[in-house]
Structure formats: C-alpha cells, structure tokens
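To start, the structure itself, in structure tokens.
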Amino acid sequence: MDASNITFHIQYSTTYGEELLLNLVYFDKKGAQQTSVYRMNTYDGHNWRVHIQQLPSTDIKAFHYYYSVEKDAKVIKSEWQVQTHLFYLNTLCGKSYEVFDIWTDAPQDTYLYSSAFTNCINQRETKALEPNSYDITLRLVVHAPQLRSFERLAVVGNLDVLGAWNINKALAMTEQQHNEWVIDINASSFIGEKIEFKFVAINTQNQSLSLWETENNRSISIPIINKGKTLVYSLNQAFFDICDIRLAGTLIPLFSLRTNNSFGIGDFGDLKRMIDFMSCTNQRVLQLLPINDTTASHTWKDSYPYSCVSVFALHPQYINLKALPSLKDEKLYRHFQKLQKELNGLESLDYEKVNNAKNEYLSLLYKQEGAKILASKEFATFFENNQEWLVPYARFCSLRDQYKTPLFSNWGEHKQWKESWRKPLSNPKSKEYKEVAYYYFVQYLLFSQMQEAHAYALHKQVILKGDIPIGVDRHSCDVWVEPKYFNLNSQAGAPPDAFSANGQNWGFPTYNWSEMLKDNCAWWTKRFQHMSQFFDAYRIDHVLGFFRIWSIPYHSIHGLLGQFEPALGLSKDEIEAYGLRFQEKLFTTPFIAEWVIERVFKEHSEEVKEKYLELDHDDIYRIKPAFDTQRKIAKAFEGKHSDKDNWLREGLFTLVSNVLFIQDNHNPHLFHPRITAQQNHMYEALWQHDKDSFNRLYEDYYYKRNNQYWYCEAMKKLPTLVQATKMLVCAEDLGMVPTCVQWVMNELRIFSLEIQSMPKDFNVRFGHLNRNPYRSVATISTHDMPTLRLWWDENEEQTQDYYNNMLYHSGKAPHPLTGQLAQEIIEKHLQSPSALCVISLQDWLSMNEKIRLSDPQSERINIPSNPNHYWKYRMHITIEDLIANHELVNSIAEMIRLSGR
Numbered sequence: 000m001d002a003s004n005i006t007f008h009i010q011y012s013t014t015y016g017e018e019l020l021l022n023l024v025y026f027d028k029k030g031a032q033q034t035s036v037y038r039m040n041t042y043d044g045h046n047w048r049v050h051i052q053q054l055p056s057t058d059i060k061a062f063h064y065y066y067s068v069e070k071d072a073k074v075i076k077s078e079w080q081v082q083t084h085l086f087y088l089n090t091l092c093g094k095s096y097e098v099f100d101i102w103t104d105a106p107q108d109t110y111l112y113s114s115a116f117t118n119c120i121n122q123r124e125t126k127a128l129e130p131n132s133y134d135i136t137l138r139l140v141v142h143a144p145q146l147r148s149f150e151r152l153a154v155v156g157n158l159d160v161l162g163a164w165n166i167n168k169a170l171a172m173t174e175q176q177h178n179e180w181v182i183d184i185n186a187s188s189f190i191g192e193k194i195e196f197k198f199v200a201i202n203t204q205n206q207s208l209s210l211w212e213t214e215n216n217r218s219i220s221i222p223i224i225n226k227g228k229t230l231v232y233s234l235n236q237a238f239f240d241i242c243d244i245r246l247a248g249t250l251i252p253l254f255s256l257r258t259n260n261s262f263g264i265g266d267f268g269d270l271k272r273m274i275d276f277m278s279c280t281n282q283r284v285l286q287l288l289p290i291n292d293t294t295a296s297h298t299w300k301d302s303y304p305y306s307c308v309s310v311f312a313l314h315p316q317y318i319n320l321k322a323l324p325s326l327k328d329e330k331l332y333r334h335f336q337k338l339q340k341e342l343n344g345l346e347s348l349d350y351e352k353v354n355n356a357k358n359e360y361l362s363l364l365y366k367q368e369g370a371k372i373l374a375s376k377e378f379a380t381f382f383e384n385n386q387e388w389l390v391p392y393a394r395f396c397s398l399r400d401q402y403k404t405p406l407f408s409n410w411g412e413h414k415q416w417k418e419s420w421r422k423p424l425s426n427p428k429s430k431e432y433k434e435v436a437y438y439y440f441v442q443y444l445l446f447s448q449m450q451e452a453h454a455y456a457l458h459k460q461v462i463l464k465g466d467i468p469i470g471v472d473r474h475s476c477d478v479w480v481e482p483k484y485f486n487l488n489s490q491a492g493a494p495p496d497a498f499s500a501n502g503q504n505w506g507f508p509t510y511n512w513s514e515m516l517k518d519n520c521a522w523w524t525k526r527f528q529h530m531s532q533f534f535d536a537y538r539i540d541h542v543l544g545f546f547r548i549w550s551i552p553y554h555s556i557h558g559l560l561g562q563f564e565p566a567l568g569l570s571k572d573e574i575e576a577y578g579l580r581f582q583e584k585l586f587t588t589p590f591i592a593e594w595v596i597e598r599v600f601k602e603h604s605e606e607v608k609e610k611y612l613e614l615d616h617d618d619i620y621r622i623k624p625a626f627d628t629q630r631k632i633a634k635a636f637e638g639k640h641s642d643k644d645n646w647l648r649e650g651l652f653t654l655v656s657n658v659l660f661i662q663d664n665h666n667p668h669l670f671h672p673r674i675t676a677q678q679n680h681m682y683e684a685l686w687q688h689d690k691d692s693f694n695r696l697y698e699d700y701y702y703k704r705n706n707q708y709w710y711c712e713a714m715k716k717l718p719t720l721v722q723a724t725k726m727l728v729c730a731e732d733l734g735m736v737p738t739c740v741q742w743v744m745n746e747l748r749i750f751s752l753e754i755q756s757m758p759k760d761f762n763v764r765f766g767h768l769n770r771n772p773y774r775s776v777a778t779i780s781t782h783d784m785p786t787l788r789l790w791w792d793e794n795e796e797q798t799q800d801y802y803n804n805m806l807y808h809s810g811k812a813p814h815p816l817t818g819q820l821a822q823e824i825i826e827k828h829l830q831s832p833s834a835l836c837v838i839s840l841q842d843w844l845s846m847n848e849k850i851r852l853s854d855p856q857s858e859r860i861n862i863p864s865n866p867n868h869y870w871k872y873r874m875h876i877t878i879e880d881l882i883a884n885h886e887l888v889n890s891i892a893e894m895i896r897l898s899g900r
C-alpha cells in the first residue's frame, strides 16, 4: 500500500549536541529486515518532528519504529527495544498521518511484556488493525499490560460515538502486539472539539466485573483538519485496580526427573509429565538447570551441567527414546527394553551407562533411519536455521572422538576451526558431511523434542525457565571456534563464601570483554535468542560476572589467589595512604615463618622443610621452585590419597596462598588485597595498627572503590542482552554483591534471587520475607545449597535462632525437621511479595514424611566446594506416582491457592 505524508511529533528534552533520530524498521520484498534512519528537527531542544514524504518501499503495509538519541555521530540512548512502536497503514480514504508520540523507556512492569506472561500466563491472540474508510480518523494507541487472559480493552467517552459513558457501548480495541491496544475512531463528527474518555478492561467471562482505569478522564482537543487525514495519539499506560501477579513453581534438574518410561535419566518426554504435575498442583513455573551438551571425556566428570562444550547444542542424554522409531532388529529391541528397566531401577543416575546406552541406540537408529530423516523438509529447515553453530559443533564432536580427547590443542592441523571447512561440511554429497552427519541427526531429534515440550508447556500455561551458565568449558566448541572471545591464561570462579572457604574454581576461561564489545556482544545475543526457542524465562547464572569476574591464575587450584577482573588496583602510594607501609616482597610472596610451618604441619614440619621448602633468611622459608604453585603441588601428589598426603597437599596449598596482596594481572605497579586475607598467617603477623589499616583498605576496595566502575562495565553489556529476547530475565545475584548490582538490576528490571538464609542485608542473620521486592524470585535452597532438611540439621544454633525468631515458636527446635514445620516454612515463602516463588522438588516433598527420602543427604544436587562433584541426583519416586498421590497434590494446590499465587 503506497503511503506518504507521515509526520512524527515527540517531546523529549535533549542537551546541547544531542539529536533525535527516528528508526523505521520494515521488511523488503525479499523478506529481509531493513532500517531507515530519519533525523528529526527541533526549535527548542524539546519538541521534535520529522516529516516523511515517502516510505522506503511502496509495498510497506506496516512497520515498527523507535526513537534514539545521537551525539557526536554515536547513538547514546534508545527507546526500549523489547517492544517497539507498531504502525499500520490501513485507512482507505487517506494517506496523510500526524503522529503524536511519547518516549518509551523500559516500564516498571517489563515482566508483563515477557513471553512468560504474554505467551504463558495472559494468553491472548494479537491481530492486525482492520482498515477503515473514515473521512477523518482518530487513532488511539495505549498499553495495558495488566490485562488478564479473559480481559479485553475498550474505550468509552463523553460523545455518542464513544458510547456516551455507557460501558455496554464501549468501543472494542485491537491488541496489535502484546499489551499494545489500538483503535481507529471516525472523527468526522467532532473535529475542533475536546473529547473526554477512559479505557475499560472488559471481562469477557462476566461483563459486570469489567474495570475502569484508575486515573482521571483523559482528554484530547481535536484540531480542525482536512479530510483524508489520520491523527495518531500514543497515550500513557492504562492502569487498573488489578493485583500484581504472583506465581509458584518448582526447581529440578532435567536429569533428575523419573517416570516409568525414563531410560535411567530425566528426558524431554519426562519433562512433559513434569509439566502435567505442575498443572495439577496449580504451579506455573518449572525451572531447570542447563540442558546443553557437556560431553567432553565421555566419563561421569561430564555430569557437571554448567560446563558445556556448546552453548547451542542440547545434550544427547535428554533424548526420549520412546518417542523415536523402534529398532527393527528384534534382538536389539529387546536388549534396549531390558536395559531401560535396569537403568531406570537405579537409585541415582549412572551417567556413563546411560550415555553409552543412548549413544548406542542413536547410532543404530541413525543407520536405520538417518538417510530418510536427513532428506526430510523438516531437517532442511532445521539445518538452515542452525547451521552457523551446528556445522562447527558437529566437526568438533567428530574430532573429539577421533582424537579421543577434547583438548583441541592436541588435534594437530585441526587445533582451530577454519571457516573454509564449512562448505564441504554442509554439502550432503561430500565425504566431510558424511563424517559429521550423525551429529546433525542427533541435534535435530533433540531440538524437535525440546520444542515439542516447550509447546506443551505453553498449552498448559506453564513457564519453562532455563539457566544460562556464566562460563563454558575451556575445551569447548565455542572456544575452539571463537578463541578471541576468551582468556585462556586464567580461570573463572567465585570468591570464598559460606559454602566454600577457599573460593570456587570453575576452570572456565574468563571472557575477553573488550573483544566481545567490538561486535556488541553478538555471541551472547545469539546465545540468548537461541535459548528463547525453548524457554520463556531464564536465570542468569552468577550475574556478577557481567560486572566483574573472579579471575584465578591458571596455576592455582583454589580461588584464594584470584582478583576481580576488571578492577581498579591500588598503587603503593594509595596503600600507604591508609597507614600501612607497603613492603612489596613481604606482602606479595608467601609468608612462611617457622611458627607457620609448625602450626600447619605439626609433627610433619621437619619433613616438609626438608622436601618442599628452602631457607630464605633467619626463620623465614620459601617454597622450592618445583612446588611453588598449587598446580605443581597437585601434580606432585597425583594418585596419593592417604590422610597424610591429603594433609600435606592442603597445607602446601595454604602456604602458597599465604599473601596479603596480589599483583594486578595487567599492571605490575598495582595491587589487590588478597580475598579473606584476615584469616591467613601473614595478616596474623601484622601489628594491630597495620591490621586496622589493612581492614579499612580491604573494606573500601571490595565494597566501595569499584562500584561506579563496575556499574559502567555491566551497562556496556547487560542492556543489549536483556533486550535480545522477550524471555523473563532473572538473575542469581548472591555472594559478594556490591551496591552497583542493585542499581543495574533495578534499571534493567531484572528479577533478583532472594534466599532467607542468605540475606542481602549484612546486618541481619535471616531475611524478612515480607521485605522481598516484588521483582524477585523467592526460594529456600538452590542446586548449590543443602536442601531445607539438610540445612535444618547442619547448624543447630542457627536453626534454633530461626525457629524462635523467624517462625516464632518457643522451646527447643525439633530435629530432624518435621513435615509440618517444612510446610510452615514453605507457606511463609509462598506468602512473600516476590513475583515468583520457586521451591526445589526436594523441599516440596519434605512436607510429606511418608514420601520424602529417609536420608536427606541423598537429596543433595551439588557440593560447590568439590570441583569434581558427581551430579547424579534423581527423584526416588516417579512423576506418575506423584500425580496419583492426591494428598500431596491437593496439599500443594491448596497452599498455593491460599497464598494468592
């Protein structure tokens, strides 16, 4: 439809040198998205306009647009990008439009625009605005995100054409995109008049329960205009007296699910059964751990779900074999039927047996069905949409298995991906394609099944919440393909916390953010968009990593010698300004005095001095070069696991990290105070005055000095990423949380994680649930923590305090935790203001003493202090049995109903 004469007006206050741009986004004849940019004009720096005489294409029937601010030839700010303005050219009698807009920043209720709410909870069908033939048209555009699935927006006003304030005559509006409602009104009869109107939420189930918007009457003075013109007004959001939505849900790893049909591990078929359980208990959120492929060594060590070898590929272990064609070989068919029963009968997950069995089945199926499936139209579409990551991933897998190692540095001529390989690997007739086609086949099956599970969740109005790990395996396909994005001379981890006194060393390479920012974090954007095919909400694992990461030298095993990257290191003069005379050698090399050796090693002191140390001066020793890093020490003790060897190894680790300051990774003249240095022997050896000076320095460095710097670092990355998809954004913001994290999360409307036993207020021992922010996820325990039952028994003094002062019970707290108390704790969490309350399945089951495991230790998913933990927890009861347990189902459903969720 040809259109011309569109004039856009907007009020936006700028400063000197700033210009406003209109960005018009449309699709050309080939279906490719294009953007045309128009510079706006102003006479006062506040009122801006631009006149478009002719659109870029005569075929445009609708387009999106947004405004941005430019200064010095650089865009410094844009409107909210998750949902931009939509404009339909649909008046039949005229081609002239006058548009009066308002600037749109991210609204406080951005969560209502997420696919978690628009696609799952408040399901309504959007449609295009119907064309009209009015001589003069008034178009109203307004957002009403509060509306529930059974409500529709309408407008009613003071004129007969507007229903004369009779709600039964209100004019129905069109939801042209989620939460954005529009209506074209015949304005011929009230040109030059002032109209008054209000928006109403029409209840389609019960008209008498329809709601008027809460604000005063709106008014517009209609100017005298010629025929054939359309006036378009974008109006402020319509608010209604509707309570904020609060939802309940469950956290469980996909591998932990168990049904009668499982093959020894939770799979995509089991996921659908878990969605059924969510539905029948009135739960609306199902949170999973990462489901990416972690296959590196083909051993149980690959069970760590946060160490993926591809941020795009799904793990083959999650394939639902029952949904695939049966093997035609009768003997093999019976073999796998028997194997399924054996593996499914195991108490916990046997990672290696399950993966070997599933890979064997998939290989046999590939020989039987592969050619047919790879020749299908469905596979061709999948390949076209995913080939950018799929082709190198398949090659990576084939080389990993060919060389029998994921260490691509040992792959000779294949040690780095070459883009020239892509063409033959994409050609079905080539030898190279045939070498990797099996991996295409497996990923196609996995994607089809996961997308089917996602569609099933949408049908049941259950939000699937995924998990985006902060790191990737250093021997992953992503590092192999894009090494420029990673720093391989360091390891990502976390500083010490309540779960790990030595910090956590995840072994992941840190990110080269300067390189990533050159293409506006394209790798991350693709990763998020890819994930949106399967989930409608996600958890950003360790969101602090986008502010700064705990960077550990590659020669370290523990996390104590790490430093925040980036961070503003301290110069010698700055350190001495705190009153501490800086002695570089003393403070930055391991302090090993005679008394330190005796305290650490006791009766083994002489042996340690003779074998691992050498005298420096007086009673001060240094570590021999063969043992002067934790990695060298670990190698020296490889295969030695006696109590004495463990003692010696850990003691030597302690000596290596016994420093007060760490030299900056980039500038040898800057230093960082060693994390928790107050607990080491070097600190103990200081005079009290020096201890006080160091403590002041330490507090300023870790909690004040870098705040603004880290805020700026996060704002370079996160705004682009949270707007890359419509998924609901939640973050794991635990640990040493600087103040700037809350600034960023509030500004970007990211949901926080609230755990009562880990309050963000350092002045209290337990968080007060009624103070949880609405924009948050309340939970009792995460996969990294002890379950509620384990926590209850691990520190009786702590539990007693909680029992008396949080639950308000008198007397001695009972041990073990009773089902009734567990229910009380869960009920209090459900009653919190948090928008989401997600409880682990183990904690849900803790309420029922007939069902829960007798040994709570068996419920543990992960132990963060153990870098080689075996992730093998599985439900001890099938989902079918859970659904059939009406007492449990009704109890959970009633608790959720009474909490208002």
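As numbered in numbering that gives the first Met the number 0, residues 0 to 900 make up the sequence shown, in order.
Each residue gets a CB set at the ideal place from its N, CA and C atoms; glycine is no exception.
| said: For W505, report the span of its beta strand (DSSP E) as first-last. | reply: Looking at the DSSP string, the run of the beta strand (DSSP E) that includes W505 is Q503 to Y510.
| From the DSSP output, which residues share a beta bridge with S751? | Note: S751 sits in a beta bridge opposite S775.
| task | Return the CA-CA distance between P391 and F311, expressed in angstroms with no decimal places. | result | Straight-line Cα distance between these residues: approximately 11 Å.
| Own chain residues within Cβ distance below 6 Å of M277, not counting five before or after | Counting only residues of its own chain and dropping the five nearest sequence neighbours on each side, M277 has a CB closer than 6 Å to the CB of L285 and V461.
| Is it true that the segment 490-508 meets the segment 327-343, where meeting means three or more beta-carbon pairs spaced less than 8 Å apart? | Cβ pair count under 8 Å is below three, so no.
| task | Answer with buried or exposed for D108, where buried requires no fewer than 16 other C-beta atoms within 10 angstroms of its C-beta. | result | Under this definition D108 is a buried residue.
| query | What do you get for D1, buried or exposed, if any count of 16 or more other CB atoms within 10 angstroms of its CB means buried? | reply | No answer about D1 holds up, because its pLDDT of 47 lies below 50 and its placement is not dependable.
| message | Pop quiz: H45 and S12 are said to be a contact at Cβ under 8 Å. What is the actual Cβ separation, rounded to whole angstroms? | response | Yes, H45 and S12 are in contact; Cβ-Cβ is about 5 Å, under 8 Å.
| field | Check whether C307 and T293 have beta carbons under 8 Å apart | value | When the beta-carbon positions are compared, C307 and T293 come within less than 8 Å of each other.
| Which residue comes first and which comes last in the alpha helix (DSSP H) that contains G156? | In the DSSP annotation of this structure, G156 is not part of any alpha helix (DSSP H); the continuous beta strand (DSSP E) holding it starts and ends at E150 to G156.
| Cut-off 6 Å between Cβ atoms - residues of its own chain near F693, not counting five sequence neighbours on either side | Sequence-distant Cβ neighbours of F693 in its own chain, meaning closer than 6 Å and more than five residues away, are L579.
| said: I need the straight-line Cα distance from R217 to V155, nearest angstrom please. | reply: So the alpha carbons of these two residues sit roughly 10 Å apart.
| message | Just to confirm before moving on: does the CB-CB distance between F239 and L210 stay below 8 Å? | response | Result yes, Cβ atoms of F239 and L210 sit closer than 8 Å.
| said: Within the continuous alpha helix (DSSP H) that includes G248, where are the two ends? | reply: No alpha helix (DSSP H) contains G248, which is instead part of the beta strand (DSSP E) from L246 to L250.
| request: Return the chain-ordered list of same chain residues with a C-beta closer than 8 Å to the C-beta of V658, the five sequence neighbours on each side being excluded. | output: Correct list, in chain order: L560, F586, T587, T588, P589, F590, R673, A676, N679 and M681.
| Rounded distance between the beta-carbons of D842 and P815, thought under 8 Å | No, P815 and D842 are not in contact; Cβ-Cβ is about 14 Å, not under 8 Å.
| message | Tell me the DSSP secondary structure of V390 in three-state form. | response | Reduced to three states, the DSSP call for V390 is helix.
| Coarse secondary structure for A493, derived from DSSP in three states | If DSSP states are grouped into helix, strand and coil, A493 belongs with the strands.
| field | L881, DSSP secondary structure in three states | value | L881: helix per DSSP, three-state reduction.
| query | Taking Cβ to Cβ, would you say G248 is nearer than 8 Å to V837? | reply | Between G248 and V837, the C-beta gap is smaller than 8 Å, which places the two residues in contact.
| According to DSSP, is V435 helix, strand or coil? | Here DSSP, grouped into helix, strand and coil, assigns V435 to helix.
| Three-state secondary structure assigned by DSSP to A723 | Judged by DSSP in its simplified three-state form, A723 adopts coil rather than helix or strand.
| query | From Q122 to F534, what distance separates their C-alpha atoms? | reply | Taking the straight line joining both Cα atoms gives about 16 Å.
| How do the segment 752-762 and the segment 772-780 stand: do at least 3 beta-carbon pairs fall below 8 Å, yes or no? | Contact holds: three or more Cβ-Cβ distances are below 8 Å.
| message | Do F86 and A61 count as a contact pair if the criterion is CB distance below 8 Å? | response | Yes, Cβ-Cβ distance for A61 and F86 is below 8 Å.
| task | Below 7 Å CB to CB, which residues in the same chain sit around F116 once its five sequence neighbours on both sides are set aside? | result | Once the five neighbours on either side are set aside, the close Cβ partners of F116 are Y110.
| task | Within its chain, find whatever has a CB closer than 6 Å to the CB of Q819; leave out the 5 residues flanking it on each side and keep chain order. | result | Nothing meets the Cβ criterion.
| query | Do Y443 and F381 have their CB atoms nearer than 8 Å? | reply | Yes; because the gap between Cβ atoms is below 8 Å, this pair is in contact.
| request: Please report how far the alpha carbon of S114 lies from the alpha carbon of K464, in whole angstroms. | output: C-alpha separation (whole angstroms): 11 Å.
| message | Less than 8 Å between the C-beta atoms of P494 and Y305, yes or no? | response | Contact: no.
| task | Rounded to whole angstroms, what's the CA-CA distance from D689 to F660? Just pull it up for me. | result | Using only the alpha carbons, I get a separation of about 14 Å.
| message | Tell me the DSSP secondary structure of P222 in three-state form. | response | Coil, per DSSP.
| said: the ligand NAD and N178: does any heavy atom of the ligand fall closer than 7 Å to the residue's C-beta? | reply: The model depicted lacks the ligand NAD and carries no ligand whatsoever.
| message | So, for F626: in the same chain, excluding its five sequence neighbours on each side, which residues have a beta-carbon less than 8 Å away from its beta-carbon? | response | So the list reads Y611, I632, A635 and L651, once near-sequence residues are dropped.
| query | In chain order, which alpha helix (DSSP H) runs of at least 4 residues are fully inside the segment 123-190? | reply | None, since the segment 123-190 contains no complete alpha helix (DSSP H) of that length.
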